[in-house]
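Report on the following structure.
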Amino acid sequence: MKMLKDVINIIDDVRGKEIVCFDMEGVSPYYRYVVICSGNSDRQTNAIMNRLRDYYIEKKLSVRVEGKESGRWVLIDLGDIIVNVFIEEERAYFQLEKLWLDVPRVDVESLITKNV
Numbered sequence: 239m240k241m242l243k244d245v246i247n248i249i250d251d252v253r254g255k256e257i258v259c260f261d262m263e264g265v266s267p268y269y270r271y272v273v274i275c276s277g278n279s280d281r282q283t284n285a286i287m288n289r290l291r292d293y294y295i296e297k298k299l300s301v302r303v304e305g306k307e308s309g310r311w312v313l314i315d316l317g318d319i320i321v322n323v324f325i326e327e328e329r330a331y332f333q334l335e336k337l338w339l340d341v342p343r344v345d346v347e348s349l350i351t352k353n354v
């Protein structure tokens, strides 16, 4: 849960918007959490991606990134946590949240501490 808390706080610190998190335990054997958030522009989505990537590379963790060239939908694979960062228009178009309507959500607000 510490890693998830750090991810949420980094996104919040870079002013990511509408952060939601799904607890995928029992749903996916590959990852525990899926985080979805929005940025105002491709520049902001890339800023969120860069902060997450740099933070976890510094901690010697494997980080894989897809979509950084366009910045419209960036996927960051942190192993147990998959982070999807969209510009608002792309998020509205793809509506990933609808894929997991029956999956429990994590209370994101309770994880935000500003102490990352």
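Mapping of the sequence shown onto this note's numbering: position 78 corresponds to residue 316, and the numbering continues sequentially without gaps. Each residue gets a CB set at the ideal place from its N, CA and C atoms; glycine is no exception. Just so you know, these numbers come straight off a predicted model, no measurement behind them.
Of the other Cβ atoms in all chains shown, fewer than 16 fall within 10 Å of the Cβ of Tyr331; this residue is therefore exposed. Inter-residue distance for Tyr269 and Val303 is about 15 Å (C-alpha atoms, whole angstroms).
Membership of Lys243 in the alpha helix (DSSP H) is indicated by the continuous run 240 to 251. In this structure Leu334 is in contact with Ile274, their Cβ atoms being roughly 6 Å apart against a cut-off of 8 Å. Beta-bridge pairing by DSSP links Lys336 to no other residue. In its chain, beyond the 5 residues on either side, Leu349 have a beta carbon closer than 6 Å to the beta carbon of Lys243. In the structure shown, the three-state DSSP call for Asp315 is strand.
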